[in-house]
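Below: one structure, written as structure tokens.
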Amino acid sequence: MKTKSKLITFILSFLPGLSHLYLGFPYRALIFFTVFVGVCMGGAFIGGMAPGWGLLGPLLFFGLVIVWFVALVDAFAMIDHSPEESYVNPLLSNRKIIAVALSVVPGAGHMYLGLLKQGAQFMTAFFFFLCLSSWLNLEILVFVLPVIWFYSIFDAYHLLEEESEGLRPDESPLFAWLSRHPSWMGWSLIILGVIVILQRIITPVIQSMLNPDLFNYIDTGIVALILIIGGVLLLKGSPKPAEAEK
6 MKTKSKLITF ILSFLPGLSH LYLGFPYRAL IFFTVFVGVC MGGAFIGGMA
56 PGWGLLGPLL FFGLVIVWFV ALVDAFAMID HSPEESYVNP LLSNRKIIAV
106 ALSVVPGAGH MYLGLLKQGA QFMTAFFFFL CLSSWLNLEI LVFVLPVIWF
156 YSIFDAYHLL EEESEGLRPD ESPLFAWLSR HPSWMGWSLI ILGVIVILQR
206 IITPVIQSML NPDLFNYIDT GIVALILIIG GVLLLKGSPK PAEAEK
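6 is the number of the first residue of the sequence shown in my numbering; add one for each residue after it.
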């Protein structure tokens, strides 16, 4: 079998899927190219929903880098194998690629595996925080999005690693937990409402009444005070060394 050039494979990998096409794996090439286009279209869709969202560019770039890197590693793993060769259960391998690739949209990979409730849970949580952060301009909520994103990707991957033992039941632990603890949901909505009032109503009013430099000092002082109070409460609540030894 004639070995394919690693240099050409690397050069072609800058467009995900092209290196697989060169190696003779058109099915895998289609998967990676579809995911690449899907990430671009998803970024355009989110950009249309939130045109002023400054974090879209970095998140989109990060997603494209992940797709490119996975495609590059997979291409180099396949470079010494012919398309006719049985490559460690190719059906499972392709299924794993599709599931992880679809997880670029949180929850889609789980739905592909038949776990519709878990997929709906991830998708609902991701787009809820996305829409809420863009609609209310609450950038403090944006940090939740990468957590949901990475958890969805690696959870789908580990599901396939454990598939020989059978997929876990299609349950929605988040929704089930919220139904058993509605008070937590209530407190979360109250805190979220207070944050919205502070950021969208009270803060602009105070900002218009004060000097910008003075407002920045007050803003920084409030954040520092909250951190200090939180630290004091943690110190007061931590057990003493003698009690910890017992």
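Here a beta-carbon is modelled for each residue, glycine too, at the ideal position from N, C-alpha and C. As the structure is a computational prediction, the values presented were derived from the model and not from experiment.
Taking just the CA atoms, how far does PHE133 sit from LEU65? C-alpha separation (whole angstroms): 18 Å.
Of the listed residues ILE16, ALA34 and GLN126, nearest to TRP182 (C-alpha basis): Nearest option by C-alpha distance: GLN126.
CB ILE231 to CB PHE220, shorter than 8 Å? Contact flag unset, no.
Neighbour-count burial assignment, PRO151, 16 or more Cβ in a 10 Å radius: With fewer than 16 other Cβ atoms within 10 Å, it is exposed.
Candidates GLY22, LEU141 and PHE41: which alpha carbon is nearest ARG33's? Taking the Cα of ARG33 as reference, the smallest distance to any Cα among GLY22, LEU141 and PHE41 is reached at GLY22.
Less than 8 Å between C-beta atoms, sequence neighbours within five positions excluded: which residues of the same chain meet that for VAL44? Taking C-beta separations shorter than 8 Å and ignoring five residues to either side along the sequence, the partners of VAL44 in its chain run LEU65, GLY68, LEU69, VAL72 and VAL109, following chain order.
Please check the pair GLY198 and ALA161, which I expect to be a contact at CB under 8 Å, by giving their CB distance rounded to whole angstroms. Not really, about 34 Å apart at Cβ, beyond 8 Å.
So, at 6 Å on beta carbons, what are the nonlocal neighbours of TRP189 in its own chain, with the 5 sequence-adjacent residues on each side left out? Answer for TRP189: no residue qualifies.
Cα-Cα separation, LYS122 to SER157: For LYS122 and SER157, the distance between alpha carbons rounds to 13 Å.
By a C-beta neighbour count over all protein chains shown, 10 Å radius and 16 as the cutoff for buried, is VAL105 buried or exposed? VAL105 comes out buried.
Sequence-distant residues of its chain with Cβ nearer than 6 Å to TRP154 (five each side left out): Beyond the five residues adjoining it in sequence on each side, TRP154 comes within less than 6 Å, by CB distance, of PRO111 in the same chain, given in chain order.
For a test of the three-state rule: what should DSSP assign to ASP85, helix, strand or coil? In this structure, ASP85 counts as coil in the three-state DSSP scheme.
Any idea what DSSP makes of HIS25, helix, strand or coil? Three-state result, HIS25: helix.
Take VAL78 as the anchor and find which of PHE148, CYS136, HIS25 and TYR222 has the nearest alpha-carbon. Comparing Cα positions, the closest option is HIS25.
How would you call ASN94, buried or exposed, if buried means at least 16 neighbouring beta carbons within 10 angstroms? Only weak support is given to the placement of ASN94: the predicted model assigns it a pLDDT of 46, under 50, and the value that follows is read from those uncertain coordinates. That one is exposed.
Secondary structure of PHE220, DSSP reduced to three states: Residue state, collapsed to three classes: helix.
Could you give the distance in angstroms between the alpha-carbon of VAL42 and the alpha-carbon of LEU20? The alpha-carbon atoms of VAL42 and LEU20 are separated by roughly 10 Å.
Output the boundary residues of the alpha helix (DSSP H) element that contains PHE133. First-last of the alpha helix (DSSP H) with PHE133: 121 to 140.
Any idea if PHE159 is buried or exposed, counting beta-carbon neighbours within 10 angstroms, 16 or more meaning buried? Around the beta-carbon of PHE159, fewer than 16 other beta-carbon atoms lie within 10 Å, marking it exposed.
Alpha helix (DSSP H) segment containing TYR201, residue limits: In the sequence on display, residue 201 carries Val and not Tyr. Looking at the DSSP string, the run of the alpha helix (DSSP H) that includes VAL201 is 187 to 202.
Specify the secondary structure class of VAL110 as computed by DSSP and reduced to three states. The three-state reading of DSSP puts VAL110 in coil, since its state is none of H, G, I, E or B.
Using a 10 Å radius around the Cβ and a threshold of 16 neighbouring Cβ atoms, would you call LEU240 buried or exposed? Here LEU240 is exposed, its C-beta having fewer than 16 other C-beta atoms within 10 Å.
Simplified DSSP assignment, three categories, for THR8: Shown here, THR8 sits in coil according to DSSP, grouped into three states, outside any helix or strand.
For ALA80 versus THR14, is the C-beta distance shorter than 8 Å? Yes, the Cβ-Cβ distance between ALA80 and THR14 is below 8 Å.
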